[in-house]
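Working notes, structure below.
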Amino acid sequence: MSTILKIENLQAQVGDKAILKGINLEVKAGEIHAIMGPNGSGKSTLSSVLAGRDEYEVTNGSATYLGKDLFELDPEERAWEGLFMAFQYPVEIPGVSNINFLRTALAEKANYFKKEPLSAKEFLQTVKEKSALVELNDKLKNRSVNVGFSGGEKKRNEIFQMAMLEPTLSILDETDSGLDIDALRIVANGVNTLKTENNATIVITHYQRLLDYIIPDFVHVLFDGRIIKTGGKELALELEEKGYDWLTKEAVAN
Amino acid sequence: MSTILKEKKFDLAVSTLNDEISKSALAEISNLEFPTRRTENWRYVKLGKLLKQDLKTDNVADLDISDFLIPELNTHVIVLVNGHYNETLSSSTPSAGLLIDRLENQKDTDLFTSHYNTLSEKHSEEIFTSINTAYNQDGVFIHIDKNKHIEKPIFIININTSSNLITNTRNLIVIDKGAKASIIQGYYTTSEKGNFNNSLTEVFVKQNANLSIDKIQDIDATDKHICTEEIHQEKDSNFKINTFILNGELIRNNVNISVDGTNCHSEMNGLFIGRDSQFIDNHTRVDHLKSHCISSELYKGILKDKSTGVFNGKVIVHQDAQVIEAYQQNNNVILSDSATMNTKPELEIFADDVKCSHGATTGQFDEEAIFYLQARGISKVRAKEMLIGAFSEDVLAKINNQNVRNFIESRI
Ligand SMILES: Nc1ncnc2c1ncn2[C@@H]1O[C@H](COP(=O)(O)OP(=O)(O)O)[C@@H](O)[C@H]1O
Ligand SMILES: [Mg+2]
Chain A
1 MSTILKIENL QAQVGDKAIL KGINLEVKAG EIHAIMGPNG SGKSTLSSVL
51 AGRDEYEVTN GSATYLGKDL FELDPEERAW EGLFMAFQYP VEIPGVSNIN
101 FLRTALAEKA NYFKKEPLSA KEFLQTVKEK SALVELNDKL KNRSVNVGFS
151 GGEKKRNEIF QMAMLEPTLS ILDETDSGLD IDALRIVANG VNTLKTENNA
201 TIVITHYQRL LDYIIPDFVH VLFDGRIIKT GGKELALELE EKGYDWLTKE
251 AVAN
Chain B
255 MSTILKEKKF DLAVSTLNDE ISKSALAEIS NLEFPTRRTE NWRYVKLGKL
305 LKQDLKTDNV ADLDISDFLI PELNTHVIVL VNGHYNETLS SSTPSAGLLI
355 DRLENQKDTD LFTSHYNTLS EKHSEEIFTS INTAYNQDGV FIHIDKNKHI
405 EKPIFIININ TSSNLITNTR NLIVIDKGAK ASIIQGYYTT SEKGNFNNSL
455 TEVFVKQNAN LSIDKIQDID ATDKHICTEE IHQEKDSNFK INTFILNGEL
505 IRNNVNISVD GTNCHSEMNG LFIGRDSQFI DNHTRVDHLK SHCISSELYK
555 GILKDKSTGV FNGKVIVHQD AQVIEAYQQN NNVILSDSAT MNTKPELEIF
605 ADDVKCSHGA TTGQFDEEAI FYLQARGISK VRAKEMLIGA FSEDVLAKIN
655 NQNVRNFIES RI
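Same order as they appear, the protein sequences are chains A and B. Be aware that the first sequence starts at 1, since it is given in our numbering, and climbs by one per residue. Be aware that the second sequence starts at 255, since it is given in our numbering, and climbs by one per residue.
Below you can see the structure in the form of structure tokens.
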């Protein structure tokens, strides 16, 4: 299997506070990785660094994405190259319509690959198909981006955007938090449908619950800016049962 | 000789519209000082360069105006070149009840004498107002007769084609009882530099009449422009003015509305974009003199580079004006550390039954929003454009005419 993402000794800080303290991770095509860990351990920071948020400064290490130095690319270039992050807290943008936003995003991506953008008809057809996947209400598509969306609608909107952009690597940052069981099933079903042997997914979650629906190949535990344990899907169940304490105590002791 | 404002050396022909009025304006000027930054009403305004500059007047022959027309918009066209009414370039289709003429041609009519300078004289202590009254060289007269609705907009195109020019354009607009019209006032420069326009428009909106003005200021980045509208509203009338400031070195707008009748609506909106070292100043003043009226204003500014913006909105609710609603909003985004915005609402309320609100915000674009758009594959430049579009939307929505709106939108 070909490698999509390879992270080596990644360290990052915000201001002068070190948050990521040496992360190693390799993600190959066709794989689903789960990253779990207590609040504040650096999960969102890791996804933000990968997506290119410049608030976070990479101080050491590297990330190679499809053979390219990820940190040399602007956030929009990463998106064009097929990296997608579903935000833990999707941003509300009053005055920018959801549909216009997506049309622009797709057109810029097509332009990057020197391709013709979808015709208006093709675009609307795709919107129709992909929004059905996450059962996103038709009305929401014409509203301002995430404005007046419920928590669950925002998360479904993220997966809808993912479906529209057809990424190679998707990073889902706590997409399950705040979802009731039906919404969780819808979101998981969307993710599973979009899964192929050529793309990969990193699922960041706090709870084991989502992993009943999206079955990971690997589970990593992130604590205090480091991956302190890696296992198979059974590790998630063990964490569910025993909590994080037994692992974090061990890590602190080391 | 040339004209130097500071020394009050005006080598300009005195207005012949009304000798008595011109004379008293000249007397007024001799007693007035040029505003400094200590003059409350002109704080922040850097007039220094203008006052030292040699200014002259000029006339012009032929000109291609097609660059200044708004795509797909069919209007009556009035063209003033270097401040002179140009009959060859102007073209208006005759419509019943519509009179468009040079102001000069109308100076002996009753309509003229009963209106001319009656609004401006109340602000004759503003030196630029008095300069305009004393030295106006030409301008437009528009009269819409009783109950006539003029569907086609009237487009007044002001173009400067010369350098270091001073123009004192004077317009008089009377919208009679029950009449309706819309006017576009455009201010432009060809490729010349260093001009100064001092325009003054008196506007009468009679009982139950309806007038909207869209003002577009897109002069050269070395030009200065002081632009005053004095508006008088009678009962049951509607008036709206939208100001779009696209380019210019120094632009100062004074919009003064006297709401002198019950049941009126008055609206002032504005959108301005400052670049480089541009200075953009919007002063508005509404005098509510009678009861049961609503006034609202929405000004939005985008300031880049080292530009400076000023918004000063004064609302005076006089003692006899009861049941007044006055709303005022000024929102600005600053896109650079060196740009500044000064905003000041001034409410003076002498009546009891009044609902007033004002709000002002000055901030930056939401970095998280920009990142969100980028993370979906929208370049940073485009993301900012989208946010500027979103920010401008509610002001653009105030434009009644779709073609005018499209044009402004394409320019921001
Ligand atoms: N922008 C920021 N400024 C300051 N501290 C931050 C910032 N972002 C994250 N942190 C800190 O970094 C740590 C990790 O945060 P985060 O990555 O959000 O963790 P997680 O997603 O695992 O809950 C926390 O201690 C958090 O307070
Ligand atoms: Mg988080």
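All C-beta atoms in this analysis are idealised placements derived from N, C-alpha and C, irrespective of residue type, glycine included. Quantities reported herein were computed from a predicted structural model and do not represent experimental measurements.
Residue-chain proximity (residue i, chain B), Cβ-Cβ < 7 Å
| i | result |
| --- | --- |
| A/Ile181 | no |
| A/Pro75 | yes |
| A/Glu81 | no |
| A/Gly95 | yes |
| A/Val127 | no |
| A/Val191 | no |
| A/Val91 | yes |
| A/Met1 | no |
| A/Met36 | no |
Identity of the residues DSSP links to residue i by a beta bridge
| i | result |
| --- | --- |
| B/Cys481 | B/Ser453, B/Asn507 |
| B/Met522 | B/Ile495, B/Glu551 |
| A/Lys128 | Beta-bridge pairing links A/Lys128 to no other residue. |
| B/Lys306 | Looking at the DSSP assignment, B/Lys306 forms no beta bridge with any residue, so it has no partner. |
| A/Leu222 | A/Ile227 |
| B/Ile588 | B/Leu557 |
| A/Ser2 | According to DSSP, A/Ser2 bridges with nothing at all. |
| B/Phe458 | B/Val428, B/His486 |
| B/Ala580 | B/Ser549, B/Cys610 |
| B/Thr293 | Answer is none; B/Thr293 lacks a bridge partner. |
| A/Glu8 | A/Ser62 |
| B/Lys262 | Answer is none; B/Lys262 lacks a bridge partner. |
| B/Asp472 | B/Tyr442, B/Asn501 |
Nonlocal neighbours in the same chain, by C-beta distance under 6 Å from residue i, ignoring five residues either side
| i | result |
| --- | --- |
| A/Pro38 | Tyr244 |
| B/Leu271 | Lys361 |
| A/Leu136 | Arg156, Phe160 |
| A/Leu210 | Asp176 |
| B/Asn393 | It should be pointed out that residue 393 of chain B corresponds to Gly in this sequence rather than to Asn. Once the five neighbours on either side are set aside, the close Cβ partners of B/Gly393 are Leu357, Thr423, Arg424, Asn425. |
| B/Ile205 | Absent from the structure is residue 205 of chain B, since the part of chain B shown begins at 255 and ends at 666. |
| B/Ile570 | Asp541, Glu602 |
| B/Ser550 | Glu521, Tyr581 |
| B/Ser346 | His330, Ile354 |
Sequence-distant residues of its chain with Cβ nearer than 7 Å to residue i (five each side left out)
| i | result |
| --- | --- |
| A/Glu237 | Note that residue 237 of chain A is Leu in the sequence shown here, rather than Glu. Excluding residues within five positions, the ones whose Cβ falls inside 7 Å are Gln208. |
| B/Ala614 | Asn584, Thr597, Pro599 |
| A/Phe255 | In the structure displayed, chain A extends from 1 to 254; residue 255 of chain A sits before or after that span and is not available. |
| B/Ala388 | Val268, Ser269, Ser276, Ala279, Leu280, Ile283 |
Below-7 Å beta-carbon distance, residue i vs any chain A residue
| i | result |
| --- | --- |
| B/Phe625 | yes |
| B/Glu622 | yes |
| B/Glu663 | no |
| B/Ser590 | no |
| B/Ala644 | yes |
| B/Glu405 | no |
| B/Glu521 | no |
| B/Glu380 | no |
| B/Glu647 | yes |
Residues near residue i by beta carbon distance below 8 Å, same chain, minus five either side
| i | result |
| --- | --- |
| A/Phe87 | Glu158, Asp173 |
| B/Gly643 | Glu663, Ile666 |
| B/Asn517 | Lys489, Asp490, His546, Cys547 |
| A/Asn24 | Ile7, Glu8, Asn9, Leu10, Ile227 |
| B/Ile319 | Val331, Val333, Leu343, Ile411, Ile413 |
| B/Lys544 | Lys489, Val513, Asp514, Gly515, Thr516, Cys518, Asp574, Ala575 |
| A/Lys229 | His220, Val221, Leu235, Leu247 |
Closer than 6 Å: residue i CB and nearest ligand 3 heavy atom
| i | result |
| --- | --- |
| A/Ser41 | Within the structure as shown, ligand 3 is missing, the only ligands being ligand 1 and ligand 2. |
Requested in this report: Identify each residue in the region 547 to 570 of chain B for which the Cβ-Cβ distance to at least one residue of chain A is less than 8 Å, and report them in chain order.
Outcome: Taking 8 Å as the Cβ-Cβ cut-off against chain A, none of the residues of the region 547 to 570 of chain B qualify.
- Query: Along the chain, which unbroken stretches of the alpha helix (DSSP H) at least 4 residues long are found entirely within the region 65 to 111 of chain A?
  - Reply: DSSP runs (the alpha helix (DSSP H)) wholly in the region 65 to 111 of chain A: 75 to 80.
Residue ranges of each alpha helix (DSSP H) within the region 18 to 74 of chain A, 4 or longer
The region 18 to 74 of chain A contains these whole alpha helix (DSSP H) runs: 43 to 51.
Discussion item. What are the residues in the region 104 to 121 of chain A lying within 7 Å of chain B by C-beta distance?
Written reply: Contact annotation: in the region 104 to 121 of chain A, residues whose CB is within less than 7 Å of a CB in chain B are Thr104, Ala105, Glu108, Lys109.
- prompt: What residues in the region 202 to 217 of chain A have a beta carbon less than 9 Å from any beta carbon of chain B?
  reply: Going along the region 202 to 217 of chain A in chain order, one finds no residue with a Cβ nearer than 9 Å to chain B.
What are the complete beta strand (DSSP E) segments, minimum 3 residues, inside the region 165 to 245 of chain A?
For the region 165 to 245 of chain A, the continuous beta strand (DSSP E) assignments of 3+ residues that do not extend past its boundaries occur at 169 to 173, 200 to 205, 218 to 223, 226 to 231, in sequence order.
Report task. Output, in sequence order along the chain, the residues in the region 137 to 166 of chain A whose CB is closer than 8 Å to any CB in chain B. Result -> The region 137 to 166 of chain A vs chain B, Cβ under 8 Å: Ser144, Val145, Gln161, Leu165.
Got a sec: which bits of the region 49 to 60 of chain A sit with their beta carbon under 9 Å from any beta carbon on chain B, in order along the chain?
-> Cβ contacts with chain B: Ala51, Gly52, Arg53, Asp54, Glu55.
Worksheet entry | Cβ-based contacts, 9 Å cut-off: residues of the region 628 to 640 of chain B near chain A | Within the region 628 to 640 of chain B, contact with chain A at the beta-carbon level (separation under 9 Å) is assigned to Gln628, Ala629, Arg630, Gly631, Ile632, Ser633, Lys634, Arg636, Ala637, Met640.
* Asked: Residue ranges of each beta strand (DSSP E) run of no fewer than 3 residues wholly in the region 314 to 395 of chain B, ordered along the chain?
  -> Listed in chain order, the complete beta strand (DSSP E) runs (minimum 3 residues) inside the region 314 to 395 of chain B are 330 to 335, 338 to 345, 352 to 356.
Complete runs of the alpha helix (DSSP H) confined to the region 594 to 635 of chain B [at least 4 residues]: Whole alpha helix (DSSP H) segments, 4+ residues: 621 to 629.
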